[in-house]
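Protein chains in written order, with full-length UniProt numbering: chain A, 1 to 338; chain B, 1 to 440.
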């Protein structure tokens, strides 16, 4: 039981807690406490030093918006952002209540009137922006995977295809999201006509497609490498058994290349998250990036603190995303470390 | 009231998204939303801050936004095809005044020697002739004198140019389509910076001064990085400022919706100016929300509550700094449109002679008092406004000749070419800018 728990913790990357489990198990406590100190104690200690340093340095930096906020000031901004969120939710309830009353009145006057419940029109709060960003990054990432994995398999299987695609990959891989954005924006505007009932907002599409364009390369390259480095014996077995093409991909190529594919996807998601924030800032598309830009423009005495809250949020979410992908990667690499 | 419900029933579109730039003069939009005036008209409106004036205009043109808080010059510039070509109209003028010109601290120190003083305080209005020696100094040292404004067809561009030219400083010509930098033959080089970034750009030393709307002049005072030397109220008393713009195609498709929007905006403007600005503190509180302007309450309150702080500590009463309704501020006057067109002509954005009739035609194409009056009539019928709140039915759209400009030149909207001929600096008659030179 406990061994399974340890295995689970190792796979999910929550290795910090392994010593705790071992202590409960009764493993040599001294050794485990030492491990615990290494796993949790030292990082915590380092973080506290960072906070102290930040606090003392912040007090000495005078910006035109006041002193640079220290950890405490930033923490109070978290509070005010949460309060803001709850206040907005109350307004939302009132909005729907007013709308319901208006619709009722309309129906009593003209019973066959066409009434509709309109979505709330208030501003998105900080939490709403986080949700928007997450939704956008996953959509972009999903699209990227959908394009990159099949292309990568083709590149890995066919030398001709690989040689043909290689220059394009090399040229497009290093392009910054800020360069893609205007092109994507113009193309989306030209091709996508949105109306009241469209599925997606244009702004969502431009953000998501920009994420796709920037984040598909690691998956594509890793998939290609993974596929091309499959053990020749396995390929030969497939040939001997006269497996057809799709069975070969399903039974031999995909399983062997999966660890590589997941390594690529993990890198892709990391890139995608960074790209998204930049794209949102530049294009003013909803999400955390827009939040940061709006606060920079506001220039109020709370703006700097709020931007710092956003920086930590972006960092922590990026970290969590990486952990999730890391866990998936571990699950699919069948014990092979990559 | 069944009649009222009938009007609401006829709305072609009920869910709308409007754009704005973080400036206090977007107030009518915020107030119409927060006070429920949009909802009263059966409209469900989202209001969204935009990055800069160009993005805002593009989004109105491509339909991402239904309408927006715009620079008065934007619908005119777009309709005649300067910059972007698209037919934009306006039926609602958002405010009078509301801008200022700010210079960096060290420029002010150099200027101050040339400003007449009285009782230890500078005499207002401060003219650009006090800045001229400073600009000349930069010029003789071969250094460019950079200043910022918010958009090529912005009020701010024309106000800054007006002020500079009145003080003998040449702000430079445009020569579209080849040269749209606006710096031909310039003493002071003007370039575009989005409003909320002005203080940061000034602080970085990229520009030495700027013309922008509030609260970004008072912000410079609070931050201690610059000194507002003159307000647009002093450059041209009660000048028209922002408008509410929609594309012509949108207005044709959704006429009842458009009317409902204008009604809500008129009510918001009335609220903003009611009882001697009684509601202004509440308005400032709303505007300081991070979703709207987002600057600190004190910064916004400085100009919105009838005062203006020039040099730090020099706070003077200026009750008409922001006018939203009185003096028929919301009525779209043809003569206001024509003034903007004269300035486009004066600085070469319109690089060829146009007859007076052309100015009238464009004004009538873009400014739509007919829609405004229809909305006003409905408000009067619903008992939400009085007849006397609005111009008379036979309003010609031309204000009587206005003389309260900083240089004393009189503007008569019915004679644009005659008006242009009065300026010492600027294109007039058949003059054109060709290959960087003014030719007849």
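Even for Gly, the Cβ is constructed at its ideal location relative to N, Cα and C.
Environment of residue i [buried if 16+ CB atoms lie within 10 Å]
i: residue 318 of chain B; result: buried
i: residue 440 of chain B; result: exposed
i: residue 139 of chain A; result: buried
i: residue 24 of chain A; result: exposed
i: residue 233 of chain B; result: buried
i: residue 355 of chain B; result: exposed
i: residue 14 of chain A; result: exposed
i: residue 66 of chain B; result: buried
i: residue 82 of chain A; result: exposed
i: residue 293 of chain A; result: buried
i: residue 268 of chain A; result: buried
i: residue 1 of chain B; result: Because residue 1 of chain B sits at a pLDDT of 37, beneath the cut-off of 50, its placement in the model cannot be relied upon, and the following sentence gives the value as read from the coordinates. Classification of residue 1 of chain B: exposed, given that the 10 Å Cβ count is below 16.
i: residue 119 of chain B; result: exposed
i: residue 436 of chain B; result: exposed
i: residue 316 of chain A; result: exposed
i: residue 338 of chain A; result: Reliability fails at residue 338 of chain A, whose pLDDT of 47 lies under 50, so the model's placement of it is uncertain and the value that follows must be treated cautiously. Counting Cβ neighbours within 10 Å, residue 338 of chain A comes out exposed, since fewer than 16 surround it.
i: residue 78 of chain B; result: buried
Unbroken beta strand (DSSP E) run spanning residue i, endpoints
i: residue 145 of chain B; result: 145-149
i: residue 163 of chain A; result: First-last for residue 163 of chain A: 159-172, but that is the alpha helix (DSSP H), not the beta strand (DSSP E).
i: residue 438 of chain B; result: 437-439
i: residue 316 of chain B; result: 315-317
i: residue 286 of chain B; result: First-last for residue 286 of chain B: 280-287, but that is the alpha helix (DSSP H), not the beta strand (DSSP E).
Boundaries of the alpha helix (DSSP H) in which residue i is found, first to last residue
i: residue 410 of chain B; result: Unbroken run through residue 410 of chain B: none, as it is neither H nor E.
i: residue 74 of chain B; result: 73-80
i: residue 83 of chain A; result: 71-109
i: residue 295 of chain B; result: It is not in any alpha helix (DSSP H) - residue 295 of chain B carries neither H nor E in the DSSP assignment.
i: residue 179 of chain B; result: Unbroken run through residue 179 of chain B is the beta strand (DSSP E), 179-184; no alpha helix (DSSP H).
i: residue 318 of chain A; result: 303-332
i: residue 465 of chain B; result: Because chain B in this structure spans residues 1 to 440, residue 465 of chain B falls outside the shown range and cannot be described.
i: residue 55 of chain A; result: 42-60
Cross-chain neighbours of residue i in chain B, by beta carbon under 9 Å
i: residue 340 of chain A; result: This structure cannot settle anything about residue 340 of chain A, because the visible part of chain A is limited to 1 through 338.
i: residue 76 of chain A; result: None at all; the shortest Cβ gap to chain B is about 15 Å.
Beta carbon of residue i nearer than 9 Å to that of residue j
i: residue 19 of chain A; j: residue 30 of chain A; result: no
i: residue 155 of chain B; j: residue 217 of chain B; result: no
i: residue 227 of chain A; j: residue 190 of chain A; result: no
i: residue 252 of chain A; j: residue 230 of chain A; result: yes
i: residue 262 of chain B; j: residue 27 of chain B; result: no
i: residue 236 of chain B; j: residue 31 of chain B; result: no
i: residue 363 of chain B; j: residue 338 of chain B; result: yes
i: residue 238 of chain B; j: residue 96 of chain B; result: yes
i: residue 427 of chain B; j: residue 24 of chain B; result: no
i: residue 433 of chain B; j: residue 76 of chain B; result: no
i: residue 314 of chain A; j: residue 288 of chain A; result: yes
i: residue 15 of chain B; j: residue 119 of chain A; result: yes
i: residue 136 of chain A; j: residue 234 of chain A; result: no
i: residue 421 of chain B; j: residue 408 of chain B; result: no
i: residue 206 of chain B; j: residue 157 of chain B; result: no
i: residue 74 of chain B; j: residue 243 of chain B; result: yes
9 Å Cβ cut-off: residues of chain A touching residue i
i: residue 310 of chain B; result: In chain order: nothing, as chain A lies at least about 19 Å away.
Per-residue contacts from residue i into chain A (C-beta, under 7 Å)
i: residue 327 of chain B; result: By Cβ distance, chain A contributes nothing, its closest Cβ being about 31 Å from residue 327 of chain B, past 7 Å.
i: residue 39 of chain B; result: 98
i: residue 415 of chain B; result: None at all; the shortest Cβ gap to chain A is about 41 Å.
Cross-chain neighbours of residue i in chain B, by beta carbon under 7 Å
i: residue 301 of chain A; result: 296
i: residue 121 of chain A; result: 44, 45 and 46
i: residue 202 of chain A; result: 64
Partner residues on chain B for residue i, Cβ-Cβ distance less than 8 Å
i: residue 295 of chain A; result: 290 and 294
i: residue 129 of chain A; result: Near residue 129 of chain A there are no residues of chain B at all, since even the closest Cβ is about 11 Å away, more than 8 Å.
i: residue 67 of chain A; result: What residue 67 of chain A touches in chain B: nothing, since even the nearest Cβ is about 13 Å away.
> Name the residues in the region 211-224 of chain B whose C-beta lies less than 8 Å from a C-beta of chain A; which are they?
Replying inline: From the region 211-224 of chain B, only 219, 223 and 224 have a Cβ closer than 8 Å to chain A.
> When Cβ atoms are compared, which residues of the region 156-189 of chain A fall closer than 8 Å to chain B?
Replying inline: The residues in question are 189.
> Which residues, in order along the region 91-118 of chain A, keep a beta-carbon less than 9 Å from a beta-carbon of chain B?
Replying inline: So the close ones are 95, 98, 99, 102, 105, 106, 109, 110, 113, 114, 116 and 118.
> Using a Cβ cut-off of 7 Å, which residues of the region 97-125 of chain B contact any Cβ in chain A, in chain order?
Replying inline: The residues in question: there are none.
> Taking a cut of 7 Å between CB atoms, which residues from the region 46-66 of chain B lie near chain A?
Replying inline: Those would be 46, 49, 50, 51, 55, 62 and 64, in chain order.
> Of all the residues that make up the region 266-288 of chain A, which are near chain B by a beta-carbon distance shorter than 7 Å?
Replying inline: Of all residues in the region 266-288 of chain A, the ones placed with a Cβ closer than 7 Å to any Cβ belonging to chain B are 284, in chain order.
>> Please list, in chain order, the residues of the region 171-198 of chain B that have any C-beta partner in chain D closer than 9 Å.
In response: Among the protein chains in the structure shown, which are A and B, there is no chain D.
> When Cβ atoms are compared, which residues of the region 298-327 of chain A fall closer than 9 Å to chain B?
Replying inline: Along the region 298-327 of chain A, the positions whose C-beta sits under 9 Å from a C-beta of chain B are 298, 299, 300, 301, 302, 303 and 306, read in chain order.
> the region 380-401 of chain B: which residues have C-beta closer than 9 Å to a C-beta of chain A, in chain order?
Replying inline: For the region 380-401 of chain B, which is checked against every Cβ of chain A, not one residue is closer than 9 Å.
>> At a CB distance below 8 Å, what residues from the region 22-38 of chain B approach chain A? Give them in sequence order.
In response: Listed in sequence order: 22, 33 and 36.
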